[in-house]
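Numbering follows my numbering, in which position 54 of the sequence shown is assigned residue number 114; successive positions increment by one, without gaps. So the structure is just underneath, and the comments pick up after that.
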Amino acid sequence: MRAARDLNVHRNTLIYRLERMQELLGGVNLEDPEARLNLQLALKIRAALGGNAA
61 MRAARDLNVH
71 RNTLIYRLER
81 MQELLGGVNL
91 EDPEARLNLQ
101 LALKIRAALG
111 GNAA
């Protein structure tokens, strides 16, 4: 899995973290491009308003 290599983490670690993110986000489907776009926009807006986007 290229993403795991790029992040220097084990494949299972990446899968666990993605699943955990989905849980914390209320079941948002991270495989849905529109859902990912909405999350990216929300983080950018939060950062622009002075919030912590990390």
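Each residue gets a CB set at the ideal place from its N, CA and C atoms; glycine is no exception. Keep in mind it's a predicted model, so treat the numbers as computed, not measured.
Assigned secondary structure, residue i (DSSP; H/G/I helix, E/B strand, else coil)
{"i": "D92", "result": "coil"}
{"i": "N112", "result": "coil"}
{"i": "L85", "result": "coil"}
{"i": "N98", "result": "helix"}
{"i": "N68", "result": "coil"}
Residue closest to residue i, alpha-carbon to alpha-carbon, out of the options
{"i": "M81", "options": "H70, R96, K104", "result": "R96"}
{"i": "I75", "options": "L84, A63, E94", "result": "A63"}
Integer Cβ distance of residue i from residue j, believed to fall under 8 Å
{"i": "L78", "j": "L67", "result": "About 11 Å; that fails the 8 Å criterion."}
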